[in-house]
Each structure stands twice: as C-alpha cells, then as structure tokens.
C-alpha cells in the first residue's frame with residue numbers, strides 16, 4: 001500500500017516569514033495530493049490540493065508543488081500569520097481507485113507574532 | 114456547506130464496555146470513513162463505506178466494527194473497549210468518485 005512520510009513534525013516561524021512542509025510518497029499510482037489544516041478542537045479541513053498532471057498550484061498565500069519523478073510534494077505558506085498556526089497533514093490517493101486517502105503524520109506549525 | 118457531525122466531543126468508557134460512535138452527514142454523500150488520530154501516527158483508516166449496508170476494512174480494523182443502515186449515518190462500534198483504543202476518532206464523508214473528504218470535529222475517547 002501507499003506510505004506517506006511528512007517532515008518536519010514541528011515548525012516554528014516568525015510572523016511574515018515563509019513555511020515549507022515536505023511529503024514523500026511511495027506508490028507511483030497515486031495521482032491526487034491534498035493538504036489539510038487542523039485547528040485546535042476541529043476536524044481537518046482541505047486547504048489546497050494538486051493532481052499529478054500539474055506541477056504547481058497556488059491559492060493566495062498557499063502553494064503546493066509536486067515532483068512526480070522524485071515522488072515528493074510540498075506545501076508553501078508565504079507571509080505567515082498567527083492564524084496559520086495549526087497542524088497540517090499531507091495525503092495521497094489513487095483517485096478513481098479506492099478513493100482512500102493515506103495521510104502523513106502531521107506538522108505542527110507555530111507562527112510567532 | 115457540508116456538515117459532518119459526531120455524537121460526542123468527549124467520551125470516557127471503561128475497559129470491556131461496548132462503545133458506539135455516531136457520525137451523521139447532511140450532504141447526501143455516498144462515501145463515509147472512520148479514522149483514528151494518534152500523535153506521531155497521523156490519521157489511520159479504520160473502516161469505510163461506499164453505500165448503505167456496505168463496508169470495507171481500512172488499515173486498522175481490528176477491534177472495531179461499523180454499521181451503515183442509513184445513507185447519512187455511519188456508526189463505529191468498539192465491541193469490547195480496551196485502553197489501547199484511547200484516541201481521537203474522526204469521521205469523514207465524500208461524494209462517489211470525488212477526492213475531497215469532509216471531516217467532523219472528532220470524538221476524543223478515553224478508555225480507563
């Protein structure tokens with residue numbers, strides 16, 4: 001099955017700086033890569049996703065890049081704000097197959113005001 | 114907005130008790146999922162269901178069962194709770210063939 005590894009497990013940045021979280025996956029059949037944000041006391045919420053037919057996607061301060069050859073993808077947050085503090089999860093799935101998401105172990109991001 | 118609700122935010126049970134965790138979604142989604150979330154392990158899939166009365170094992174089904182009698186409701190059952198089932202349980206739903214999963218707020222279960 002798919003194995004998703006995520007690094008780092010914790011990340012602290014100063015407000016206004018950028019944050020980068022990286023994930024690798026093992027199954028070359030995976031073709032859908034979402035990122036979820038989990039705030040304290042809440043369930044994960046989708047913030048951005050990318051499919052294997054594109055290399056980069058951007059939504060305001062958030063961007064995701066995908067390198068299919070190396071089987072890794074990354075989340076980039078620019079101009080970080082205190083409200084970006086949360087736990088972030090990457091995931092991978094073979095969309096059109098079982099629709100099962102395989103999650104990374106999470107990154108706790110702290111933005112220091 | 115899609116809304117996924119879970120019956121309890123916090124639950125404390127004793128070893129050996131039968132535990133029911135309920136999940137309801139209001140968007141007519143066919144797919145429903147149960148995960149457990151543990152520090153350093155991320156989210157792990159316990160069971161999922163593609164339709165009423167259908168269920169499939171996920172990665173860690175041992176010690177759990179599920180029930181899907183109605184489309185909007187997916188129940189996770191711990192037949193005989195054990196301390197190693199102390200965890201955060203998350204329910205999610207999605208449309209068939211769709212990749213986005215919508216999560217509930219979670220139930221933090223403590224088994225004493």
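Chains as they are written, first to last, in the numbering used here: chain C, 1 to 113; chain S, 114 to 225.
Each residue gets a CB set at the ideal place from its N, CA and C atoms; glycine is no exception.
Keep in mind it's a predicted model, so treat the numbers as computed, not measured.
- Cβ neighbours of residue 49 of chain C within its own chain (closer than 8 Å, five residues either side excluded): 32, 33, 34, 35, 57 and 64.
- Contact between the stretch 127-141 of chain S and the stretch 199-206 of chain S is present: 3 or more CB-CB pairs across the two stretches fall below 8 Å.
- For residue 8 of chain C, not one C-beta of chain S is nearer than 8 Å to its own C-beta.
- When Cβ-Cβ separations below 8 Å define contact, residue 82 of chain C makes no contact with chain S.
- Cα atoms of residue 104 of chain C and residue 16 of chain C: separation of roughly 26 Å, rounded to the nearest angstrom.
- In this structure, the alpha-carbon of residue 77 of chain C lies about 30 Å from that of residue 1 of chain C.
- Excluding the 5 residues flanking it on each side, residue 214 of chain S has same chain C-beta neighbours closer than 6 Å at 205 and 207, in chain order.
- The DSSP-derived three-state label of residue 84 of chain C is helix.
- Around residue 214 of chain S, the beta-carbon contacts reaching into chain C at under 7 Å are 101.
- With contacts defined as CB atoms closer than 8 Å, residue 66 of chain C and residue 55 of chain C qualify as a contacting pair.
- Within chain C, the residues placing a beta-carbon under 8 Å from that of residue 161 of chain S are 100, ordered along the chain.
- Counting along the chain, the unbroken beta strand (DSSP E) around residue 66 of chain C starts and ends at 62-67.
- Residue 125 of chain S: member of the beta strand (DSSP E) spanning 123-126, first to last residue.
- A check of alpha carbon separations from residue 130 of chain S across S:194, S:140, S:150 and S:212 identifies S:194 as the nearest.
- In the DSSP assignment, residue 7 of chain C forms a beta bridge with C:22.
- DSSP places residue 56 of chain C in the uninterrupted beta strand (DSSP E) bounded by 56-59.
- For residue 105 of chain C, the chain S residues whose C-beta falls within less than 8 Å of its own C-beta are 153, 154 and 155, listed in chain order.
- Residue 152 of chain S and residue 90 of chain C have their alpha carbons spaced roughly 15 Å apart.
- Annotation for residue 184 of chain S: 165 place their beta carbon closer than 6 Å to its own, counting only its chain and skipping 5 residues before and after.
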